[in-house]
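Visitor: Numbering (the working numbering), first residue to last: 114 to 404.
Okay, handing you the structure first.
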Amino acid sequence: MRRMVWILAALALAAPAALARTPQTDVPAACRGDAVGRVDWRACATAAPVDSAARRLALINLGTQAFLRDDYAAAVRFYDQAQPSGDQQIYSDASFHAFRSASYRHVGRTSEALADARTALDLLVDPTDLPPQARQIAAAPVDVELVYSLILPPLRQANDPRYLDALAAFRALPVRDWVSLSRRAAVLEELGDRAAALEASAQVVALKPDEPAVLNNHCYALARAGRGIEALPFCERALALAPTAAPIHDSYAVALAAAGRCAQAREQLAQAQRLDPTAVTYRRTLDCRPS
Numbered sequence: 114m115r116r117m118v119w120i121l122a123a124l125a126l127a128a129p130a131a132l133a134r135t136p137q138t139d140v141p142a143a144c145r146g147d148a149v150g151r152v153d154w155r156a157c158a159t160a161a162p163v164d165s166a167a168r169r170l171a172l173i174n175l176g177t178q179a180f181l182r183d184d185y186a187a188a189v190r191f192y193d194q195a196q197p198s199g200d201q202q203i204y205s206d207a208s209f210h211a212f213r214s215a216s217y218r219h220v221g222r223t224s225e226a227l228a229d230a231r232t233a234l235d236l237l238v239d240p241t242d243l244p245p246q247a248r249q250i251a252a253a254p255v256d257v258e259l260v261y262s263l264i265l266p267p268l269r270q271a272n273d274p275r276y277l278d279a280l281a282a283f284r285a286l287p288v289r290d291w292v293s294l295s296r297r298a299a300v301l302e303e304l305g306d307r308a309a310a311l312e313a314s315a316q317v318v319a320l321k322p323d324e325p326a327v328l329n330n331h332c333y334a335l336a337r338a339g340r341g342i343e344a345l346p347f348c349e350r351a352l353a354l355a356p357t358a359a360p361i362h363d364s365y366a367v368a369l370a371a372a373g374r375c376a377q378a379r380e381q382l383a384q385a386q387r388l389d390p391t392a393v394t395y396r397r398t399l400d401c402r403p404s
């Protein structure tokens, strides 16, 4: 389940190798960027020939923009449109594969999510088994902590043999700031380390008591630890700050269920589904015993 993980990342992705080899004169003017390098990716996607490297680059950037604004339906649509015809695969930096993995996982496409998670891990750790065009971009700078935070859940779910090493690498990363701490709390909770998640979450709540994502994650962590009544005020504060955020309604449902308020819990879960009908996790049945 994807909590509200802080994702502060650049939108520009490493170009697929095919585009890097394309003469600049063959790239549509709409895809070349302005004086400071900014590209209108939607205009580029419209101008570039179908199945061209330029159009694929535009589509994966549009997919990433959609992912970062939590529009998973659009993200998956753009990522799918970017896929080359036949058996070819598109490769970019580790961030792209992590974002696409998280998007596919959100809508229930678990095998594709796992494939991208494994590719992202290869790019981070050892790209020697990847095709030459992928190895060329393995050195592209990425937010390593963010990539790990997105690929660890599908690796764990699949019992991937490299999961424990990846988890150790993630834990070894320094906590840079409150965003990093919040991200760590959310990811560790999802991975099942509730004690460490609660400890980190309490620290970040003390630092940022009015951030809805922080409040949401702490509410969820408390609820999953069986402390539903204690969790409720954090979700209620988060909802007051971000009333249309589906993950908060989902967390509130979990907290209400943990507190034995089953009818309200079902209402909140239904609201989360209405706000984000693409999320497979919101279609589950809550385990709730009335108090």
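In this text, a Cβ means the ideal position worked out from N, Cα and C, and glycines have one as well.
What you are looking at is a predicted structure, and each value in this text was computed from that prediction instead of being measured.
Counting only runs that start and end within the stretch 311-398, where is the beta strand (DSSP E) found for 3 or more residues in a row?
Guide: With a minimum length of 3 residues, no continuous beta strand (DSSP E) run stays inside the stretch 311-398.
Visitor: State yes or no: is the C-beta of S214 within less than 8 Å of the C-beta of V189?
Guide: Going by C-beta atoms, S214 is not nearer than 8 Å to V189.
Visitor: Quick one: what's got a C-beta closer than 6 Å to A230's C-beta in the same chain, skipping five residues either side?
Guide: The residues are S214, I264, P267, L268.
Visitor: Which of the three DSSP states is assigned to P136 in this structure?
Guide: Because the pLDDT at P136 is just 49, under 50, the model does not fix this residue reliably, and the point stays unresolved.
Visitor: Can you tell me whether R289 is buried or exposed, with buried defined as 16 or more other CB within 10 angstroms of its CB?
Guide: When all chains shown are included, R289 counts as exposed.
Visitor: Alpha carbon to alpha carbon, what distance is there between A233 and A405?
Guide: As displayed, the chain neither begins before 114 nor continues past 404, which places residue 405 out of reach and without an answer.
Visitor: Would A359 pass as a contact of L382 if the rule is Cβ separation under 8 Å?
Guide: Their beta carbons are not under 8 Å apart, which means A359 does not touch L382 by this criterion.
Visitor: Please state the DSSP three-state secondary structure of R269.
Guide: In the structure shown, R269 sits in a helix (DSSP, three-state: H, G or I).
Visitor: If you scan the stretch 216-301 from start to end, which runs of the beta strand (DSSP E) of 3 or more residues do you find wholly inside it?
Guide: Whole beta strand (DSSP E) segments, 3+ residues: zero.
Visitor: Taking the alpha carbon of D256 as the reference point, which residue from R307, L236, A226 has its own alpha carbon closest?
Guide: It is L236 whose Cα lies nearest to the Cα of D256.
Visitor: Look up C401 in the DSSP assignment and say whether it is helix, strand or coil.
Guide: Coil at C401, not helix or strand.
Visitor: Evaluate T357 with the Cβ neighbour count: other Cβ atoms within 10 Å of its Cβ, from every protein chain shown; 16 or more gives buried, anything less gives exposed.
Guide: The residue in question, T357, is exposed, as its Cβ has fewer than 16 Cβ neighbours within 10 Å.
Visitor: Judging by CA-CA distance, which residue of V393, S295, R374 is the nearest neighbour of V220?
Guide: Nearest of V393, S295, R374 to V220, Cα basis: V393.
Visitor: Return the Cβ separation of A370 and A378 in integer angstroms, given the expectation that the two are a contact with Cβ distance under 8 Å.
Guide: At roughly 4 Å, the Cβ-Cβ gap stays under 8 Å, so A370 and A378 are in contact.
Visitor: Looking at A372 and L345, is the spacing between their C-beta atoms short of 8 Å?
Guide: Contact: yes.
Visitor: My assumption, with CB atoms under 8 Å, is that P240 sits in contact with A247. Please give the rounded CB distance.
Guide: That pair is a contact at about 6 Å.
Visitor: To the nearest angstrom, report how far apart Y192 and E303 are at their CA atoms.
Guide: Rounded to the nearest angstrom, the two C-alpha atoms are 25 Å apart.
Visitor: Could you tell me the distance, in whole angstroms, from the CA atom of Q196 to the CA atom of S205?
Guide: Answer to the nearest angstrom: the Cα atoms are 12 Å apart.
Visitor: Answer with buried or exposed for T177, where buried requires no fewer than 16 other C-beta atoms within 10 angstroms of its C-beta.
Guide: Answer is buried; the Cβ neighbour count reaches 16.
Visitor: Taking the alpha carbon of A353 as the point to measure from, which residue in L328, A160, A299, A334 has its own alpha carbon closest?
Guide: Taking only the C-alpha atoms, the option nearest A353 is L328.
Visitor: So what's L181 in DSSP terms, helix, strand or just coil?
Guide: L181 falls in the helix class under three-state DSSP.
Visitor: For R296 versus E324, is the C-beta distance shorter than 8 Å?
Guide: No, these two residues do not count as a Cβ contact at 8 Å.
Visitor: Alpha carbon to alpha carbon, how far is S314 from R337?
Guide: Approximately 13 Å between the Cα atoms of the pair.
Visitor: How is S208 classed by DSSP in three states: helix, strand or coil?
Guide: S208: helix per DSSP, three-state reduction.
Visitor: Assign R407 to one of three DSSP states: helix, strand, or coil.
Guide: Not covered by the structure: residue 407. The range shown for the chain is 114 to 404.
Visitor: Rounded to the nearest angstrom, how far is the Cβ of A88 from that of A334, given a contact under 8 Å?
Guide: Absent from the model: residue 88. The displayed extent of the chain is 114 to 404, so no value can be given.
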